[in-house]
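Asks: Protein chains in written order, with the working numbering: chain X, 1 to 128; chain W, 1 to 128.
There's a structure below that I have some questions on.
2 protein chains.
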Amino acid sequence: MRDDRFCNSNCPFTRAIGTIGNKWKPMIINVLGNRSIRFGQLHAIVPHISRKVLTEQLKELEEDGLLERLAYKELPPRVEYKLSEKGLAFLPILEYIKEWNLKYEVALIPKETDYQYGSKTKDDAPVF
Amino acid sequence: MRDDRFCNSNCPFTRAIGTIGNKWKPMIINVLGNRSIRFGQLHAIVPHISRKVLTEQLKELEEDGLLERLAYKELPPRVEYKLSEKGLAFLPILEYIKEWNLKYEVALIPKETDYQYGSKTKDDAPVF
DNA sequence: ATTTGTGGTTACCTACTAGTAACCAGAACA
DNA sequence: TGTTCTGGTTACTAGTAGGTAACCACAAAT
Numbered sequence: 001m002r003d004d005r006f007c008n009s010n011c012p013f014t015r016a017i018g019t020i021g022n023k024w025k026p027m028i029i030n031v032l033g034n035r036s037i038r039f040g041q042l043h044a045i046v047p048h049i050s051r052k053v054l055t056e057q058l059k060e061l062e063e064d065g066l067l068e069r070l071a072y073k074e075l076p077p078r079v080e081y082k083l084s085e086k087g088l089a090f091l092p093i094l095e096y097i098k099e100w101n102l103k104y105e106v107a108l109i110p111k112e113t114d115y116q117y118g119s120k121t122k123d124d125a126p127v128f
Numbered sequence: 001m002r003d004d005r006f007c008n009s010n011c012p013f014t015r016a017i018g019t020i021g022n023k024w025k026p027m028i029i030n031v032l033g034n035r036s037i038r039f040g041q042l043h044a045i046v047p048h049i050s051r052k053v054l055t056e057q058l059k060e061l062e063e064d065g066l067l068e069r070l071a072y073k074e075l076p077p078r079v080e081y082k083l084s085e086k087g088l089a090f091l092p093i094l095e096y097i098k099e100w101n102l103k104y105e106v107a108l109i110p111k112e113t114d115y116q117y118g119s120k121t122k123d124d125a126p127v128f
């Protein structure tokens, strides 16, 4: 998921993109916000992600110092994830992206299927 | 390359990530900056990208209103790409990412190969 | 007559991403 | 006794991203 060629570049921007330049990581960071969230909740909130991919992404985010993993020695197990200082510092950037999208996004023509069974939102991401 | 499930979400952030949430698009936007650049130059500057993928990404960026394509009716052909207002508005976000990375990035242990032949930069992205 | 330059497009193939389903521990509860 | 709960891991598989190489038009230069 990380792009090693990008991560080994001597351009700091290229390295940053190599680290967080995919769709899952910004989503996860955004969902985390400044909360502490358990694995199961994360899986329920992040749209369309499988447990396997979520595990992988969380592992990479931890390796890159964006979040902290806190595992309680209980049964059944409990693991909480929260952003590190580095991860928290990334949140404002996500806010700018939201604002940018709201301001410039071209209006979408909704598909007919979006209305076929009334207002279905089950497949949609919650709005934070 | 775009993620349709993300793009059809009713969360503006999710839609934004569905549109520009990969590694190529931020790179291309960053390389474009506020210049007007030809396809060949773009291909030479954006690190590691193939002509095929560059074509695809540029097409999507144009469809999403982030850039403008100006084709001159000459032979050999000449095509220039430049950011639209929407694309230009995205540049500050990339600046924040650069700053964020410089501030928080964990120091990498350089590989020996990085030094083997002196300061080689041919595989690296230019620093803007 | 042939080569060069430009901005693609296309077919083909490989390598990786990501989904699915099964499985695990071990305590609590019915 | 069996089921449930949690946070994974693993093996297998489908789908797709992306690389490579060949090809195109046609003018100008060699």
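Glycine included, each C-beta is placed from N, C-alpha and C at the ideal position.
(1) Secondary structure at residue 49 (chain W), three-state DSSP: helix, strand or coil?
(2) State yes or no: is the C-beta of residue 66 (chain W) within less than 8 Å of the C-beta of residue 83 (chain W)?
(3) Does the distance from the CB of residue 101 (chain W) to the CB of residue 15 (chain X) come in under 8 Å?
(4) For residue 60 (chain W) and residue 50 (chain X), what's the separation of their Cα atoms in angstroms?
(5) Would residue 27 (chain X) pass as a contact of residue 53 (chain X) if the rule is Cβ separation under 8 Å?
(6) On the DSSP bridge list, what partners appear for residue 79 (chain X)?
(7) For residue 44 (chain X), decide whether its Cβ has a neighbour in chain W, counting only Cβ atoms nearer than 8 Å.
(8) In terms of residue numbering, what span does the alpha helix (DSSP H) encompassing residue 27 (chain X) cover?
(9) Determine, using beta carbons only, whether residue 65 (chain X) comes closer than 8 Å to chain W.
(10) Could you give the residue range of the alpha helix (DSSP H) that holds residue 89 (chain X)?
(11) Kindly list the residues whose CB is nearer than 8 Å to the CB of residue 13 (chain X), restricted to its own chain and excluding five residues on each side of it in sequence; keep chain order.
(12) Which residue wins for smallest C-alpha separation from residue 131 (chain W), given the options X:88, X:85, X:56 and X:31?
(13) From the DSSP secondary-structure annotation, give me the bridge partner or partners of residue 2 (chain X).
(14) Taking the Cβ atom as the reference point for each residue, do residue 58 (chain X) and residue 72 (chain X) lie within a distance shorter than 8 Å?
(15) Can you give me the Cβ contacts of residue 79 (chain X) inside the same chain, cut-off strictly under 8 Å, excluding the 5 residues immediately before and after it?
(16) Output the boundary residues of the alpha helix (DSSP H) element that contains residue 15 (chain X).
(17) For residue 97 (chain X), which residues in the same chain have their Cβ closer than 8 Å to its Cβ, ignoring the five residues on either side in sequence?
(18) Name the DSSP bridge partner or partners of residue 38 (chain X)?
(19) Using the rule of at least 16 other Cβ atoms within 10 Å of the residue's Cβ for burial, across every protein chain shown, is residue 22 (chain X) buried or exposed?
(20) Compute the beta-carbon to beta-carbon distance between residue 29 (chain W) and residue 94 (chain W), rounded to the nearest angstrom, for a pair I have assumed lies under 8 Å.
Replies: In this structure, then:
(1) Numbered from its first residue, the second sequence carries residue 49 (chain W) at position 49. Three-state DSSP puts residue 49 (chain W) in coil, outside helix and strand.
(2) Translated into the one-based positions of the second sequence, residue 66 (chain W) becomes position 66. Translated into the one-based positions of the second sequence, residue 83 (chain W) becomes position 83. It is a contact, given that the beta carbons lie within the stated cut-off.
(3) Taking the second sequence and counting its residues from 1, one reaches residue 101 (chain W) at position 101. Taking the first sequence and counting its residues from 1, one reaches residue 15 (chain X) at position 15. Cβ distance < 8 Å, so residue 101 (chain W) and residue 15 (chain X) count as in contact.
(4) If you number the second sequence from 1, residue 60 (chain W) lands on position 60. If you number the first sequence from 1, residue 50 (chain X) lands on position 50. For residue 60 (chain W) and residue 50 (chain X), the distance between alpha carbons rounds to 27 Å.
(5) Your numbering for residue 27 (chain X) matches position 27 in the first sequence. Your numbering for residue 53 (chain X) matches position 53 in the first sequence. Not a contact, by the Cβ cut-off of 8 Å.
(6) Position 79 of the first sequence holds residue 79 (chain X). Partner(s): X:71.
(7) As a working mapping, residue 44 (chain X) is identified with position 44 in the first sequence. Residue 44 (chain X) does not count as touching chain W.
(8) Indexing the first sequence from 1 puts residue 27 (chain X) at position 27. Its alpha helix (DSSP H) spans residues 24-32.
(9) Residue numbering aside, residue 65 (chain X) sits at position 65 when the first sequence is read from its first letter. Yes, residue 65 (chain X) lies at the interface with chain W (some Cβ there is under 8 Å from its Cβ).
(10) Working through the first sequence from its first residue, we reach residue 89 (chain X) at position 89. From DSSP, the alpha helix (DSSP H) with residue 89 (chain X) extends over 85-104.
(11) To locate residue 13 (chain X), count along the first sequence from 1; it is residue 13. So no residue of the chain qualifies.
(12) Nothing about residue 131 (chain W) can be read from this structure; chain W reaches only from 1 to 128.
(13) To locate residue 2 (chain X), count along the first sequence from 1; it is residue 2. Paired residues: none, contrary to the question.
(14) In the first sequence, counting from the first residue as 1, residue 58 (chain X) sits at position 58. In the first sequence, counting from the first residue as 1, residue 72 (chain X) sits at position 72. No, the Cβ-Cβ distance between residue 58 (chain X) and residue 72 (chain X) is not below 8 Å.
(15) In the first sequence, residue 79 (chain X) corresponds to position 79, counting from 1. If we look at residue 79 (chain X) and ignore the five residues flanking it on each side, its Cβ neighbours are 38, 39, 69, 70, 71 and 72.
(16) Numbered from its first residue, the first sequence carries residue 15 (chain X) at position 15. First-last of the alpha helix (DSSP H) with residue 15 (chain X): 12-20.
(17) By 1-based counting over the first sequence, the position of residue 97 (chain X) is 97. Result list for residue 97 (chain X): 26, in chain order.
(18) Position 38 of the first sequence, counted from the first residue, corresponds to residue 38 (chain X). Its beta-bridge partners are X:80.
(19) As a first step, residue 22 (chain X) is located in the first sequence; it is residue number 22 there, counting from the start. With 16 or more Cβ atoms within 10 Å of its Cβ, residue 22 (chain X) is classed as buried.
(20) The residue labelled residue 29 (chain W) in the question sits at position 29 within the second sequence. The residue labelled residue 94 (chain W) in the question sits at position 94 within the second sequence. Sure, about 7 Å apart at Cβ, within 8 Å.
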